[in-house]
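Asker: For reference, each letter of the sequence shown is one residue, going 686 to 788 in this note's numbering. We put the beta carbon where it would ideally sit given N, CA and C, even for glycine. Predicted model, so just to flag it, every value in this text is computed and none were measured.
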Amino acid sequence: VCLAGRTHGSRVGVTLLSAIGMSEFAAEGHEDYVSIARGLAGNLPALSMLRQNLRQILLASPLCDGPGFVRDKYEPVLLDKWRLYCEGRPPSVQAYTSSSQPD
686 VCLAGRTHGS
696 RVGVTLLSAI
706 GMSEFAAEGH
716 EDYVSIARGL
726 AGNLPALSML
736 RQNLRQILLA
746 SPLCDGPGFV
756 RDKYEPVLLD
766 KWRLYCEGRP
776 PSVQAYTSSS
786 QPD
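1. Considering only C-alpha positions, which residue in the set Leu735, Ser783, Lys766 is nearest to Ile705?
2. Grouping DSSP H, G and I as helix and E and B as strand, with all else coil, what is Ala726?
3. State the start and end residues of the unbroken alpha helix (DSSP H) segment that holds Arg696.
4. Which value, in whole angstroms, describes the spacing of the CA atoms of Leu701 and Leu748?
5. For Cys687, count neighbouring Cβ atoms within 10 angstroms of its own Cβ and tell me buried if that reaches 16, exposed if not.
6. Classify Ala780: buried if its beta carbon has 16 or more other beta carbons within 10 angstroms, exposed otherwise.
7. Report yes or no: do the region 704 to 723 and the region 740 to 747 share at least 3 C-beta pairs separated by less than 8 Å?
8. Let me know the alpha helix (DSSP H) ranges lying completely inside the region 700 to 786, each 4 residues or longer, listed in chain order.
9. Starting from the C-beta of Leu732, find all residues in its chain whose C-beta is less than 8 Å away, skip the five residues before and the five after it, and write them out in chain order.
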């Protein structure tokens with residue numbers, strides 16, 4: 686169970702839960718968090734099932750599909766960058782310009 690919020694850790698928690706198909710465990714607020722946690726604590730068979738199968742759920746998720754990520758996400762970006770370069774576009778430069786610290 687994670688609590689969605691503005692911090693890096695809370696955003697990562699929501700992202701990871703979503704990636705493994707378990708976004709129902711991402712709480713939107715404190716009351717929701719307590720409700721989800723109580724629901725799990727009060728349903729021992731469901732909690733046991735999660736504990737027994739969580740590793741396999743993770744391994745079967747897109748999060749652990751390295752070849753699929755490279756094929757579907759990374760290679761298209763590289764091909765697009767290469768196309769732009771071949772068309773004469775110079776490489777882009779990315780810089781952090783804000784005077785305020787990130788969240």
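Answerer: To lay it out plainly:
1. Nearest of Leu735, Ser783, Lys766 to Ile705, Cα basis: Leu735.
2. Looking at Ala726 - three-state DSSP - the assignment turns out to be helix.
3. Looking at the DSSP string, the run of the alpha helix (DSSP H) that includes Arg696 is 693 to 704.
4. For Leu701 and Leu748, the distance between alpha carbons rounds to 8 Å.
5. With 16 or more other Cβ atoms within 10 Å, it is buried.
6. With fewer than 16 Cβ atoms within 10 Å of its Cβ, Ala780 is classed as exposed.
7. In the pairwise beta carbon analysis, the region 704 to 723 is classified as touching the region 740 to 747: at least three pairs are separated by under 8 Å.
8. If only complete runs of 4 or more residues are kept, the region 700 to 786 shows the alpha helix (DSSP H) at 715 to 726, 729 to 744, 751 to 754, 760 to 771, in order along the chain.
9. So the qualifying residues of the chain are Leu725, Ala726.
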